[in-house]
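Using the working numbering, read the sequence shown as starting at 72 and increasing by one per residue.
Glycine residues also receive a C-beta, built at the ideal position from the N, C-alpha and C atoms.
Given the structure is predicted, the values throughout are model-derived calculations rather than measurements.
To start, the structure itself, in structure tokens.
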Amino acid sequence: MAPSAIESYIAVTPAPDQEPDTYVNQELLDQQQGGRTVFGGLLVAQAIAAAHATVPTDFYVYSSQSSWLRPVSAKAQGKATYHVERTGDGRSYAMRLVNNNVLTYNIPMPALDVQPEEIPKETNAKFTVSQVNQSGGTMQPWVPDEEPFDWRPAGFLASGDPTEVRLRGFVRSNPVSTRSAAVHLAGLSYVSDHLLAGVAVYANPGMVGKGGRNVAVVASLTHNVSFHDPSVQIDEWMVVDRKTTCGAGGRVLVHQQVWNMQSGRLLMSVEQEALIRLKEARL
72 MAPSAIESYI AVTPAPDQEP DTYVNQELLD QQQGGRTVFG GLLVAQAIAA AHATVPTDFY
132 VYSSQSSWLR PVSAKAQGKA TYHVERTGDG RSYAMRLVNN NVLTYNIPMP ALDVQPEEIP
192 KETNAKFTVS QVNQSGGTMQ PWVPDEEPFD WRPAGFLASG DPTEVRLRGF VRSNPVSTRS
252 AAVHLAGLSY VSDHLLAGVA VYANPGMVGK GGRNVAVVAS LTHNVSFHDP SVQIDEWMVV
312 DRKTTCGAGG RVLVHQQVWN MQSGRLLMSV EQEALIRLKE ARL
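Laid out in structure tokens, this is it:
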């Protein structure tokens, strides 16, 4: 007997090139007649089908609760991705949280003319030391006993407009002994703050002086991080892009994006507000 229409509507299949417990619909999403959104019952059915794929065959759905953050429109282009989280497992029960994502995009990774291996490892240390010495120590970063990350600066795009300045480079950790997502995500958060406020200093050379020598205080005020890929491996080369978008009253706003160099997938976005005081300013 050929599959019925409902069987094809609700069918999901493991998503290729995705983390485990991720599924996509087999048939394209269909819009409601006369409407601009996808039928909610179809999405619920596919979510339950995805959840069923992660439990024993003798387990059956008992209840389902759904929350809609926004309507699913034609912009979904027919595909939906279901991420199943195993929130509870027992001898006679299982709990699953299913997230449905229908809008996927990725800010392009900047194209760099060099490879990280082509940049001498000492380049970052020389750059940092020169900036610290010229600033009288104000820009002195915290230095651990053993530097956990290998930074390779790859470009400084100068401009008369501070918002057009870019700091770019490569970074990876020393080899990590575990594939634990918790370890790699925590390590990525370490990268998020490394000399980040410095981009606002470098973007205003006329005010801060050579090497930031006119800077008296640099301090973080707020630091917000969004992690985009739980499968990140921090001991693989990553591309870093930093910029500043606002500065006034001694406060600056800086931004950072980090991509996996091989896949081009966005791994992390950072937004930080920092306090920068010049030596002639009065607190």
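Check                                                                                                         : Outcome
Bridge partner(s) assigned by DSSP for Asp312                                                                 : Arg239, Gln328
Straight-line gap, Val242 to Val272 (C-alpha atoms, nearest Å)                                                : 21 Å
Cβ-based burial, Asn331 [other Cβ within 10 Å; buried from 16]                                                : buried
Straight-line Cα distance separating Ser75 from Val185                                                        : 55 Å
Distance cut-off 8 Å: Ala287 Cβ against heavy atoms of the ligand PLP                                         : As presented, the structure is devoid of all ligands, the ligand PLP included, so that no description of it is given.
Own chain, CB closer than 6 Å to Ala116, minus 5 neighbours either side, in chain order                       : Ile81
Residue(s) in a DSSP beta bridge with Tyr153                                                                  : Tyr94, Asn171
Outcome for Thr152 when other beta-carbon atoms lying within 10 angstroms are tallied against a minimum of 16 : buried
9 Å Cβ cutoff met for Arg313 and Leu267                                                                       : yes
Inter-residue spacing [alpha-carbon to alpha-carbon] between Leu256 and Glu90                                 : 15 Å
For Thr234, the three-state DSSP class (helix, strand or coil)                                                : helix
Per-residue burial, Met339 [other beta carbons within 10 Å of its own, 16 or more giving buried]              : buried
Asp88 versus Ala274: straight-line alpha-carbon distance, rounded                                             : 39 Å
Opening and closing residue of the beta strand (DSSP E) in which Ile347 lies                                  : 337 to 349
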